[in-house]
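**Q**
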Amino acid sequence: MDLLQITAVLITLTAVFSFLNHVYLKLPATIGVMAISMALSLMLLILGSMGFPLLLEHEKTLLAGIDFSATLLHGMLSFLLFAGALHVDLNRLSEMKWIVASLATIGVLLSTLIVASLVWSVALLLDLPLSFIHSLLFGALISPTDPVAVISTLKTLGVPASLETKIAGESLFNDGVGVVLFLVIFNIAYSSEPMQVAEVAELFITETFGGALFGLLAGYITYRMLRRVDNYQVEIILSLALVMGGYAFAEAWHLSAPIAIVVAGLLIGNHGRQFAMSKTTREHLDTFWELVDEILNAVLFVLLGLEVLLIIPLSANAFLLAIIAIPVVLLSRLISVSIPVSILRSKYQFSPGVIRILTWGGLRGGISVALVLSLPADEVRLYLLPMTYAVVVFAMLVQGLTLGRVVRKQLAQVS
112 MDLLQITAVL ITLTAVFSFL NHVYLKLPAT IGVMAISMAL SLMLLILGSM GFPLLLEHEK
172 TLLAGIDFSA TLLHGMLSFL LFAGALHVDL NRLSEMKWIV ASLATIGVLL STLIVASLVW
232 SVALLLDLPL SFIHSLLFGA LISPTDPVAV ISTLKTLGVP ASLETKIAGE SLFNDGVGVV
292 LFLVIFNIAY SSEPMQVAEV AELFITETFG GALFGLLAGY ITYRMLRRVD NYQVEIILSL
352 ALVMGGYAFA EAWHLSAPIA IVVAGLLIGN HGRQFAMSKT TREHLDTFWE LVDEILNAVL
412 FVLLGLEVLL IIPLSANAFL LAIIAIPVVL LSRLISVSIP VSILRSKYQF SPGVIRILTW
472 GGLRGGISVA LVLSLPADEV RLYLLPMTYA VVVFAMLVQG LTLGRVVRKQ LAQVS
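Everything in the sequence shown is counted per the working numbering, starting at 112 for the first residue and increasing by one.
(1) May I ask you to verify whether the region 247-254 touches the region 473-491, counting CB pairs closer than 8 Å and requiring at least 3?
(2) Tell me whether Val502 counts as near the ligand SAM, meaning its Cβ is closer than 8 Å to at least one heavy atom of that ligand.
(3) Between Ile379 and Met154, what straight-line distance do the alpha-carbon atoms span, to the nearest angstrom?
(4) Taking the CB atoms as reference points, tell me whether Leu191 and Asn408 lie closer together than 9 Å.
(5) The alpha helix (DSSP H) spanning Tyr343 covers which residue range?
(6) Please specify which runs of the alpha helix (DSSP H), each continuous and at least 4 residues long, are wholly inside the region 365-409, giving them in chain order.
(7) Roughly how many angstroms lie between the CA atoms of Asp404 and Ile147, to the nearest whole one?
(8) Using 9 Å as the threshold, is the C-beta distance between Leu188 and Tyr334 below it?
(9) Would the region 342-362 count as touching the region 269-283 if we require 3 or more Cβ pairs under 8 Å?
(10) Looking at Gly477 and Val503, is the spacing between their C-beta atoms short of 9 Å?
(11) Quick one: Cα of Asp397 to Cα of Arg339, how far?
(12) Could you check where the alpha helix (DSSP H) with Lys520 kicks off and where it finishes?
(13) Do you know how far the Cα of Ile278 is from the Cα of Ser447?
(14) By Cβ distance below 6 Å, which residues in the same chain neighbour Ile262 in space, the five residues on each side in sequence not counted?
(15) Indicate whether Ser443 and Leu221 have their beta-carbon atoms separated by less than 9 Å.
(16) Determine the burial state of Phe320: buried for a count of at least 16 other Cβ atoms within 10 Å of its Cβ, exposed for fewer.
(17) Report the rounded CA-to-CA distance for Gln460 versus Ser350, giving the unit in angstroms.
(18) Compute the Euclidean distance between the alpha carbons of Ala523 and Pro258, then round it to the nearest angstrom.
(19) Pair every Cβ in the region 321-329 with every Cβ in the region 367-377, then say whether three or more of these pairs are closer than 8 Å.
(20) Would you give the residue range spanned by the alpha helix (DSSP H) that Asp113 belongs to?
(21) How far does the alpha helix (DSSP H) with Leu252 in it extend, from its first residue to its last?
(22) Which same chain residues, not among the five before or five after Ser367, have their C-beta less than 6 Å away from its C-beta?
(23) Extract the residue ranges of the alpha helix (DSSP H) inside the region 422-464, only unbroken runs of 4 or more that lie entirely within it.
(24) Short of 7 Å in beta carbon distance, which residues of its chain neighbour Val233, apart from the five on each side in sequence? Order them along the chain.
(25) Report the rounded CA-to-CA distance for Leu383 versus Ala352, giving the unit in angstroms.
(26) Looking at the structure shown, is Ala260 part of a helix, part of a strand, or coil, going by DSSP?
(27) Taking buried to mean at least 16 other C-beta atoms within 10 Å of its own C-beta, is His365 buried or exposed?
(28) Under a three-way DSSP split, which group does Pro139 fall into?
(29) Measuring straight from C-alpha to C-alpha, what distance separates Asn342 and Arg393?
(30) When the distance is taken between beta carbons, is Phe179 closer than 9 Å to Glu490?
(31) So, at 7 Å on beta carbons, what are the nonlocal neighbours of Phe128 in its own chain, with the 5 sequence-adjacent residues on each side left out?
(32) Using the Cβ count rule (16 or more neighbours within 10 Å means buried), how would you classify Ala387?
(33) Whole angstroms are fine: how far does the CA of Trp209 sit from the CA of Phe163?
(34) Which class does Glu310 belong to by DSSP, given the choice of helix, strand or coil?
(35) Using a threshold of 9 Å, state whether the C-beta atoms of Val67 and Leu167 are closer than that.
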């Protein structure tokens, strides 16, 4: 199948699944289309085992033509991050900068270490071929919360504005930190020459801070251009150029492209919206990026549901490790959230039940799957892939569907 055919099939499936979910299931859009996609994959597997393999082969052909990791990390992610950052209140985020920064950095590092230690211990007990460095790889790819999953879920909950800013801000930035951390550990694990501590620190700092500075510069240049025109078509094209060109240049210069796009999106969404756009432009820009966000979100979660075929069949040990990974990741999230929040309680006011909400609201999504699929097709990936998928499916179908209930319960306790 060529690119046009693959795109046509994906968009058609997304439209049909979105319709079915809206009319019959009435679940949040991303969760609904993912659930239907998974149900379709499982149904085709059952039909294949009963002697009707044709549709299953068509699905496998479709997935074989899609590099999920490249499609998300080097294509869709830039649009989704910009669309998410565009509507985050920078003033409110600035008031909570130390909270968001600590959760996005210290929290991710703590979670990575805790997940790695627990997974490695379980692997030793089961006599599985997972070294500590490979366990660290899993910790790095599963620790950051997914901004796509988190923000799309938050839209339907009506949580307090301060809490929403903490959750959305953390997810936007810890994504970039997590990707950088994953790349650092990947280089250590698979490089023929071991990296020195100074090299690791330099790579991490260059990627994160360099990405933020580049995003600020690219966003400012675009902001100045927006101020000189009053034509919404031109201004939307400028925003597209910022997203696509900014992401491409950041990657080419080995900077954190996700962090760069988030910073640029925050600048355009706040100062650009206030000082460089007319009311007409703001309305058209918001409509355009909301539409892009909704379409790509739906396509992404359809892909996630279809990709379940990649982890079937599982060995017994891989299945057991995948099941164990769910409570391991939840426990590590609880600890990595509790420590920064407890330290900052003396200076900042937190919503009631914030630790429980942040823990249960730490949804994992497509980014974790994309990172694990970028690993070499070796024995390590055979264990890390089902673990990642188990955590992502649990996060979306269980945590995502019950997060609203958890939030309402915590807030009701002080009402």
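For every residue, glycine included, the Cβ atom is placed at its ideal position computed from N, Cα and C.
Note that the structure is predicted; figures quoted are calculated from it, not measured.
**A** Inspection of the coordinates gives the following:
(1) The region 247-254 is in contact with the region 473-491.
(2) The ligand SAM is absent from the structure shown, which contains no ligand whatsoever.
(3) Reading the sequence shown from its first residue, position 268 is the one you call residue 379. Reading the sequence shown from its first residue, position 43 is the one you call residue 154. Rounded to whole angstroms, the separation of the alpha carbons of Met154 and Ile379 is 45 Å.
(4) As a working mapping, residue 191 is identified with position 80 in the sequence shown. As a working mapping, residue 408 is identified with position 297 in the sequence shown. Contact annotation: Leu191 and Asn408 have beta-carbon atoms nearer than 9 Å.
(5) Residue mapping note: residue 343 aligns to position 232 of the sequence shown, counting from 1. Start and end: Tyr343 to Ala363.
(6) For the region 365-409, whole alpha helix (DSSP H) runs of length 4 or above, ordered along the chain, are 368-378.
(7) Here residue 404 is taken as the residue at index 293 of the sequence shown, counted from 1. Here residue 147 is taken as the residue at index 36 of the sequence shown, counted from 1. Straight through space, the alpha carbons of Ile147 and Asp404 are spaced by roughly 20 Å.
(8) Along the sequence shown, read from residue 1 onward, the residue named residue 188 stands at position 77. Along the sequence shown, read from residue 1 onward, the residue named residue 334 stands at position 223. Cβ distance not < 9 Å, so Leu188 and Tyr334 don't count as in contact.
(9) Fewer than three beta-carbon pairs drawn from the region 342-362 and the region 269-283 are found closer than 8 Å, and the two stretches are therefore not classed as touching.
(10) Residue 503 sits at position 392 when you count from the first residue of the sequence shown. Residue 477 sits at position 366 when you count from the first residue of the sequence shown. In this structure, Gly477 lies closer than 9 Å to Val503 by Cβ.
(11) Working through the sequence shown from its first residue, we reach residue 397 at position 286. Working through the sequence shown from its first residue, we reach residue 339 at position 228. Asp397 and Arg339: Cα-Cα distance of roughly 19 Å.
(12) Looking up residue 520 in the sequence shown gives position 409. Segment Gly511 to Ala523, the alpha helix (DSSP H) holding Lys520.
(13) On the sequence shown, position 336 is the one that residue 447 refers to. On the sequence shown, position 167 is the one that residue 278 refers to. Distance between the alpha carbons of Ser447 and Ile278 is about 14 Å.
(14) Stepping through the sequence shown from its first residue, residue 262 is reached at position 151. Once the five neighbours on either side are set aside, the close Cβ partners of Ile262 are Gly195 and Ala279.
(15) Indexing the sequence shown from 1 puts residue 443 at position 332. Indexing the sequence shown from 1 puts residue 221 at position 110. Ser443 places its beta carbon less than 9 Å from that of Leu221.
(16) Working through the sequence shown from its first residue, we reach residue 320 at position 209. With fewer than 16 other Cβ atoms within 10 Å, it is exposed.
(17) Translated into positions along the sequence shown, residue 460 becomes position 349. Translated into positions along the sequence shown, residue 350 becomes position 239. Those two C-alpha atoms are separated by around 36 Å.
(18) Looking up residue 523 in the sequence shown gives position 412. Looking up residue 258 in the sequence shown gives position 147. Looking at the two C-alpha atoms, the distance is approximately 26 Å.
(19) Segments in contact, yes.
(20) Locating residue 113 in the sequence shown gives position 2, counting from the first residue. Counting along the chain, Asp113 falls outside any alpha helix (DSSP H), and DSSP gives it neither H nor E.
(21) By one-based count along the sequence shown, residue 252 stands at place 141. Per DSSP, Leu252 belongs to the alpha helix (DSSP H) from Phe243 to Ile253.
(22) For the purposes of this step, residue 367 is identified with residue 256 of the sequence shown, where counting begins at 1. Sequence-distant partners of Ser367 (beyond 5 residues in either direction) whose C-beta falls short of 6 Å from its own C-beta, in its chain, are Gly287, Val291, Glu318, Thr319 and Gly322.
(23) Uninterrupted alpha helix (DSSP H) stretches at least 4 residues long and entirely within the region 422-464 occur at 427-455, given in chain order.
(24) Counting from one through the sequence shown, the residue named residue 233 turns up at place 122. The beta carbon of Val233 lies closer than 7 Å to those of Leu432 and Ile435 in the same chain, with the five residues before and after it left out.
(25) Counted from its first residue, the sequence shown places residue 383 at position 272. Counted from its first residue, the sequence shown places residue 352 at position 241. One point to set straight first is that residue 383 is Gly, not Leu, in the sequence displayed. The straight-line gap from Cα to Cα measures roughly 15 Å.
(26) Sequence index remark: in the sequence shown, residue 260 carries index 149 (1-based). Looking at Ala260 - three-state DSSP - the assignment turns out to be helix.
(27) On the sequence shown, position 254 is the one that residue 365 refers to. The residue is exposed, with fewer than 16 neighbouring Cβ atoms inside 10 Å.
(28) Along the sequence shown, read from residue 1 onward, the residue named residue 139 stands at position 28. In the three-state scheme derived from DSSP, where H, G and I count as helix and E and B as strand, Pro139 is classed as coil.
(29) Mapped onto the sequence shown, residue 342 falls at position 231. Mapped onto the sequence shown, residue 393 falls at position 282. If I take the Cα positions, the gap works out to 11 Å.
(30) In the sequence shown, residue 490 corresponds to position 379, counting from 1. In the sequence shown, residue 179 corresponds to position 68, counting from 1. If you check the CB distance, Glu490 and Phe179 do not come in under 9 Å.
(31) Here the question's residue 128 lines up with position 17 in the sequence shown. Same-chain partners within the cutoff: Val144, Ile147, Ser148 and Val413.
(32) The count along the sequence shown starts at 1 and reaches residue 387 at position 276. It is buried - the Cβ of Ala387 has at least 16 other Cβ atoms within 10 Å.
(33) Indexing the sequence shown from 1 puts residue 163 at position 52. Indexing the sequence shown from 1 puts residue 209 at position 98. Here the alpha carbons of Trp209 and Phe163 stand approximately 56 Å from one another.
(34) As a working mapping, residue 310 is identified with position 199 in the sequence shown. In the structure shown, Glu310 sits in a helix (DSSP, three-state: H, G or I).
(35) Within the shown structure, residues of the chain are numbered from 112 to 526, placing residue 67 beyond reach of any answer.
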